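> A single structure is presented below for examination.
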Amino acid sequence: MKFGVIVFPGSNRDHDAWYAASHNLGQKAEFIWHDADTLGDVDAVILPGGFSYGDYLRCGAIAKFSRVMGAVKRFSADGGLVIGICNGFQILVEAGLLPGALVRNRELKFVCRHVRMRTETTDSPFTNAAHKGQILRVPVAHGEGCYVADEKTLDELEAEDRVAFRYLDNPNGSLRDIAGILNKQRNVLGLMPHPEDATEPLQGSTDGMVIFQSMVAAAAVRA
Amino acid sequence: MSAITADLISLHQLSADEYAKIVSILGREPSYTELGIFSVMWSEHCSYKSSRLHLKKLPTRGKCVVQGPGENAGIIDIGSGYVIAFKIESHNHPSFIEPFQGAATGVGGILRDIFTMGARPIAVMDAIRFGPIDDGLAPPETVARNRRIVEGVVGGIAHYGNCFGVPTVGGECVFEDGYSGNPLVNVFALGIAKKDEIFYASASGIGNPVIYVGAKTGRDGIHGASMASAEFTEESKQKRPNVQVGDPFLEKLLLEACIEAMRTGAIVGIQDMGAAGLTCSTCEMGSRGSTGIEIELDRMPQRETGMTPYEIMLSESQERMLLVADKGREEEVFKVFRKWGLDAVTVGSVTGDGKLRVRHHGEIVAEIPNRELADSAPLYDRPHTQPLRRAPMNAPEFQSRDLAGDLEALLGSADLCSKRWIWEQYDYLVRANTLATTGCDAAIVRIPETGTSIAMSLDGNGRYCYLSPREGARLIVAECCRNLSTAGAEPAAATNNLNFGNPERPEIMAQLVEAIEGIAEACVHFETPITGGNVSLYNETLGEGIYPTPVMGIVGLRKTAPPVTIDFKKADRTVMLVGGLGNCDPVRFGGTQYAKVIVGDLWGLPPALDMDYEKRTQAAIREIVNSGLAESAHDVSDGGLAIALAECSFGAAGVGAALDLNSDLRPEFLLFHEGPSRILISTEAPEKVAAIARRHNVEAPAIGVTIEKELRISNRGTELLRKPVDALQRIFEQAFGKKLRR
Numbered sequence: 009m010k011f012g013v014i015v016f017p018g019s020n021r022d023h024d025a026w027y028a029a030s031h032n033l034g035q036k037a038e039f040i041w042h043d044a045d046t047l048g049d050v051d052a053v054i055l056p057g058g059f060s061y062g063d064y065l066r067c068g069a070i071a072k073f074s075r076v077m078g079a080v081k082r083f084s085a086d087g088g089l090v091i092g093i094c095n096g097f098q099i100l101v102e103a104g105l106l107p108g109a110l111v112r113n114r115e116l117k118f119v120c121r122h123v124r125m126r127t128e129t130t131d132s133p134f135t136n137a138a139h140k141g142q143i144l145r146v147p148v149a150h151g152e153g154c155y156v157a158d159e160k161t162l163d164e165l166e167a168e169d170r171v172a173f174r175y176l177d178n179p180n181g182s183l184r185d186i187a188g189i190l191n192k193q194r195n196v197l198g199l200m201p202h203p204e205d206a207t208e209p210l211q212g213s214t215d216g217m218v219i220f221q222s223m224v225a226a227a228a229v230r231a
Numbered sequence: 003m004s005a006i007t008a009d010l011i012s013l014h015q016l017s018a019d020e021y022a023k024i025v026s027i028l029g030r031e032p033s034y035t036e037l038g039i040f041s042v043m044w045s046e047h048c049s050y051k052s053s054r055l056h057l058k059k060l061p062t063r064g065k066c067v068v069q070g071p072g073e074n075a076g077i078i079d080i081g082s083g084y085v086i087a088f089k090i091e092s093h094n095h096p097s098f099i100e101p102f103q104g105a106a107t108g109v110g111g112i113l114r115d116i117f118t119m120g121a122r123p124i125a126v127m128d129a130i131r132f133g134p135i136d137d138g139l140a141p142p143e144t145v146a147r148n149r150r151i152v153e154g155v156v157g158g159i160a161h162y163g164n165c166f167g168v169p170t171v172g173g174e175c176v177f178e179d180g181y182s183g184n185p186l187v188n189v190f191a192l193g194i195a196k197k198d199e200i201f202y203a204s205a206s207g208i209g210n211p212v213i214y215v216g217a218k219t220g221r222d223g224i225h226g227a228s229m230a231s232a233e234f235t236e237e238s239k240q241k242r243p244n245v246q247v248g249d250p251f252l253e254k255l256l257l258e259a260c261i262e263a264m265r266t267g268a269i270v271g272i273q274d275m276g277a278a279g280l281t282c283s284t285c286e287m288g289s290r291g292s293t294g295i296e297i298e299l300d301r302m303p304q305r306e307t308g309m310t311p312y313e314i315m316l317s318e319s320q321e322r323m324l325l326v327a328d329k330g331r332e333e334e335v336f337k338v339f340r341k342w343g344l345d346a347v348t349v350g351s352v353t354g355d356g357k358l359r360v361r362h363h364g365e366i367v368a369e370i371p372n373r374e375l376a377d378s379a380p381l382y383d384r385p386h387t388q389p390l391r392r393a394p395m396n397a398p399e400f401q402s403r404d405l406a407g408d409l410e411a412l413l414g415s416a417d418l419c420s421k422r423w424i425w426e427q428y429d430y431l432v433r434a435n436t437l438a439t440t441g442c443d444a445a446i447v448r449i450p451e452t453g454t455s456i457a458m459s460l461d462g463n464g465r466y467c468y469l470s471p472r473e474g475a476r477l478i479v480a481e482c483c484r485n486l487s488t489a490g491a492e493p494a495a496a497t498n499n500l501n502f503g504n505p506e507r508p509e510i511m512a513q514l515v516e517a518i519e520g521i522a523e524a525c526v527h528f529e530t531p532i533t534g535g536n537v538s539l540y541n542e543t544l545g546e547g548i549y550p551t552p553v554m555g556i557v558g559l560r561k562t563a564p565p566v567t568i569d570f571k572k573a574d575r576t577v578m579l580v581g582g583l584g585n586c587d588p589v590r591f592g593g594t595q596y597a598k599v600i601v602g603d604l605w606g607l608p609p610a611l612d613m614d615y616e617k618r619t620q621a622a623i624r625e626i627v628n629s630g631l632a633e634s635a636h637d638v639s640d641g642g643l644a645i646a647l648a649e650c651s652f653g654a655a656g657v658g659a660a661l662d663l664n665s666d667l668r669p670e671f672l673l674f675h676e677g678p679s680r681i682l683i684s685t686e687a688p689e690k691v692a693a694i695a696r697r698h699n700v701e702a703p704a705i706g707v708t709i710e711k712e713l714r715i716s717n718r719g720t721e722l723l724r725k726p727v728d729a730l731q732r733i734f735e736q737a738f739g740k741k742l743r744r
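Chains as they are written, first to last, in our numbering: chain Z, 9 to 231; chain S, 3 to 744.
Next comes the structure, spelled out in structure tokens:
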């Protein structure tokens, strides 16, 4: 399987995602520059963490206009796997691929710490290898990770089993403790925590692996 | 062009003698622009004119040293074809005037120093110091201002490092009265490069183009270097425009573009524009390359219109670099910078006449020999007498009424309480290589390419250095090396940041001289050569100075392996004190945290250090840790044994300890003295640990066992204190936020 890691100006966990996919997962991984027209032959796309375009105006608000996002939209419309982590989640929300918004943390401070999140559904290409209720210990590192949406949208996400992960110890004030959500077609995941930084024992946790392993399994079925 | 008057000269903080030297170098009166250029290059900040004579005493050679002082950063060889570049820099004065941007641009400046050498930054640490944030320890308005400065500085460091994408992995934070008007912000950064891909800040190859890259030049930061070379007065707040505004996003692009451009092979030399901006980068590159540099200011990318040559040359706008490329290969460089959306413009060329020649609209506005400008700043052997100290030698009467209460007070004190509030605002994980941060005595970042890990420790202690600059400085070096050793790493090399008051006062100059000599002695002893550093003088506001505060940053190497952390993992393990209980007397107790927090005083001398014993203790703990015998390891430092023990108990497991000591020391000393050469470990194999300690001729008494949920300490069967771990931990964790009213 081949992962494509999008590099926007200001992405800074692109390396982490690439390292997790290639070294720790043992899959192929390549960087894709933000002005690329196509994604090439990748099986899945990672929108990594960082501060794309300096997070100026609003996190992800400028990245959504970059050329590569057209290719990402087409890729996802065709059923391709797209995972947006942290800044990547913010970009997916700004681009309209996921509902809701990510606003300033409730404490008004950047927060970097390990948190626990519960796997709420196994019915997705990102969680099929996990078991329902599985608790993952993964780090967060963000200043604007508070997930908000109107009541109707939140109800809909829950009714359609699209809340992928919930915090056990909510670090940012996200409504209904939401840490990650799926799109309607279930092939796009956005989450604030960093599973890519929890993929080997030296990092203190390997709990993030299950997400990438799920993607590998899903890609194998699709191929 | 303004005439050069005596007033103008003194406004530029140049003495009459210095001005005479300028006239003799030029063979004529300088122009206004030239006066400005000289004033920044010959400022204390850029020229080290008060300290250079004494800095020569520092050891700078060692088998691993690739680049010592004099470049943008020091470099050491870590094997397997890789090197690390590291250095520490202060941004004290700007952080007082504008805490957020002052601290942010401090991070930005040191990061550029690292990547200008071709090294990608992989770790940052910060040593920060402020005035009291506790009610009652200073007037309310001072406490309120100090809190704002803390929040601003921490926010600024987080803002810059997090966005740039470098993990902030450790540091220290201390509070003392003297830092109220003079907060200290010392930033350490470390980067990695291949040994054959190091870049130097040297301009060579006559006719080669000089290229300006990065942000446009504005009027910000003019005379920042000179500002950092003077005491603060009431008017200093008006100097706020001297503080630059940082853009970490731009710096991230600059990093990526520079590293990519370096790989083209078309770059000959490169230097960042930091203090003294374009002036410093041009004349220093020319001086190092024994060449001249000619630039045309019209070509400089400018953010505002109507800037004078003086302003352009002295601007300290951030995120700019100057590079020299191979003639004919400019396009290869431009192409990379275009890709990253950055300005890259040829602004001049390398010449053979050794002069910095600056043109504006074609006309020459400055023409100065590079070597004299960069390296011939006056050197002062400033008079020094006895170091300033107003503390008595003898201890006051004091007697603890409640040792457990003392422990609680110390755990909740500003210096010793948990700084989680601070470090959780820093992204300490980005790049996926962080192995240890606050959970370990040293921060550890691994290098996947070499199988090696870099351990780093940052330490300072103004109280010790105030009582004895020489002994205090030695203790700091010993502490850093002990932290590294406790993490299993072999100390390799050091950088230092010397924060002092006004060197024109002989008693302050004496503090500086003695501290440098103390650092030199200890760095020789512990075999950690100094590869570079920074001197920050004039840390005085309205005549009120700081404690002499040298800060050391020492790096060590270790084979990559899971780190041994501070916290006790399991009950029923033997607790041992490698190095032994140590000794103390009333005089040597006067610089401790107990003296500060509980007695409310400062007296005597810092703890006694036996450098030979310390070195043997470090060798012993390295062997113990690297043989896998220690389940936990934590050095005993600020606050003494009881504080170290409490910190060991604050892990996820909630495991405490029951100690029974065997000592003649009075209880306050036994629990809270800060004697060096001691490391607290828990182990399943006490005999093996004891055998290693014996071989190194070091004491390692077994002093107790780990137990569930409680901390108990007795001496020869008499109970000294007993407390539940969770109650102590609550005090430790909640204190800082409460003090900040957050």
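Every residue gets a Cβ at the ideal spot worked out from N, C-alpha and C, and that includes glycine. Owing to the predicted nature of the structure, the values given are computational and were not obtained by experimental measurement.
Considering F102(S), what are the terminal residues of the alpha helix (DSSP H) in which it resides?
P101 to F117
> By DSSP's criteria, Y214(S) is part of a beta bridge. Which residues make up the other side?
L324(S) and V347(S)
> Name the chain S residues whose beta carbon is nearer than 7 Å to that of K117(Z)?
Q427
> Evaluate the contact criterion for the segment 497 to 507 of chain S versus the segment 25 to 40 of chain S: three or more CB pairs, one atom per stretch, below 8 Å.
no
> Taking 8 Å as the CB-CB limit, is M3(S) close to chain Z?
Here M3(S) scores only 47 on pLDDT, less than 50, and its place in the model should not be relied on; the value that follows carries that caveat. No, no contact with chain Z.
> Say whether chain S places a C-beta atom closer than 8 Å to the C-beta of L199(Z).
no
> Kindly confirm or deny that the segment 439 to 449 of chain S and the segment 109 to 116 of chain S touch, where touching means at least three C-beta pairs closer than 8 Å.
Between the segment 439 to 449 of chain S and the segment 109 to 116 of chain S, the count of Cβ pairs shorter than 8 Å is below three; the stretches do not touch.
> Over what stretch of residues does the beta strand (DSSP E) that includes K81(Z) continue unbroken?
Membership of K81(Z) in any beta strand (DSSP E) is not indicated; the residue belongs instead to the alpha helix (DSSP H) covering R75 to A85.
> DSSP three-state call for K740(S): helix, strand or coil?
K740(S): helix per DSSP, three-state reduction.
> Please list, in chain order, all residues of the same chain as E625(S) whose beta carbon is under 7 Å from its beta carbon, the five residues on each side excluded.
I694
> Hey, V338(S) and A327(S): beta-carbon distance below 8 Å or not?
no
> Which residues in the same chain have their Cβ closer than 7 Å to the Cβ of D107(S), if we skip the five residues on either side of it in sequence?
Just to set this straight, residue 107(S) is Thr in the shown sequence, not Asp. H93, P96, Q246, G248 and Q320.
> Please work out which residues of its chain come closer than 6 Å, Cβ to Cβ, to M3(S), disregarding the five sequence neighbours upstream and downstream, and give them in chain order.
Low confidence applies to M3(S): its pLDDT is 47, below 50, so where it sits in the model is not reliable, and the reading given next is rough at best. S33 and Y34, listed in sequence order.
> Indicate whether G216(S) and V352(S) have their beta-carbon atoms separated by less than 8 Å.
Not in contact: G216(S) and V352(S) (Cβ atoms no closer than 8 Å).
> What residue range is occupied by the uninterrupted beta strand (DSSP E) comprising A1(Z)?
Residue 1(Z) lies beyond the stretch modelled for chain Z, which goes from 9 to 231, so this question has no answer here.
> Do you know how far the Cα of R361(S) is from the Cα of I297(S)?
Taking the straight line joining both Cα atoms gives about 6 Å.
> What does the Cβ neighbour count give for M395(S), buried or exposed, with the cut at 16 atoms within 10 Å?
exposed
> Output the distance between the C-alpha atoms of M223(Z) and G88(Z), rounded to the nearest integer angstrom.
11 Å
> Tell me whether K140(Z) sits in a helix, a strand or coil according to DSSP, three-state version.
coil
> Going by DSSP, what residue range makes up the alpha helix (DSSP H) through R696(S)?
P688 to R697
> Of all Cβ atoms in chain S, is any one closer than 8 Å to the Cβ of G34(Z)?
no
> Any contact of the segment 478 to 493 of chain S with the segment 152 to 160 of chain S, i.e. 3+ C-beta pairs under 8 Å?
Short answer: they don't touch.
> Compute the Euclidean distance between the alpha carbons of S747(S) and A87(S), then round it to the nearest angstrom.
Outside the modelled stretch of chain S, which goes from 3 to 744, sits residue 747(S), for which no answer is possible.
> With a threshold of 16 other CB atoms inside 10 Å of the CB of V25(S), please say whether the residue is buried or exposed.
exposed
> In angstroms, rounded to a whole number, what distance separates the CA positions of C442(S) and A457(S)?
For C442(S) and A457(S), the distance between alpha carbons rounds to 10 Å.
> Check each candidate in E128(Z), D22(Z) and R114(Z) and name the one with the smallest Cα separation from G188(Z).
E128(Z)
> Quick check on A225(Z): does DSSP put it in helix, strand or coil?
helix
> Between which two residues does the beta strand (DSSP E) carrying H225(S) extend?
Where H225(S) is concerned, there is no enclosing beta strand (DSSP E), because DSSP gives it neither an H nor an E.
> So which of W425(S), T551(S), Y428(S) and G356(S) has the shortest CA-CA distance to P185(S)?
T551(S)
> Quick test of your reading: L47(Z) and A25(Z), contact by CB under 8 Å. State the CB separation rounded to the nearest angstrom.
Wrong, their Cβ atoms sit about 15 Å apart, outside the cutoff.
> In terms of residues, what are the limits of the alpha helix (DSSP H) holding C483(S)?
P471 to T488
> Would you check if the distance between the CB atom of A28(Z) and the CB atom of T207(Z) is smaller than 8 Å?
yes
> Of all the CB atoms in chain S, is at least one closer than 8 Å to the CB of F97(Z)?
no
> Does the segment 78 to 87 of chain S come into contact with the segment 134 to 141 of chain S, if we say contact requires no fewer than three beta-carbon pairs (one atom in each stretch) closer than 8 Å?
Touching, no.
> Could you tell me whether the Cβ of P101(S) comes closer than 8 Å to any Cβ of chain Z?
no
> By how many angstroms is the C-alpha of E481(S) removed from the C-alpha of P678(S)?
P678(S) and E481(S) have their alpha carbons spaced roughly 7 Å apart.
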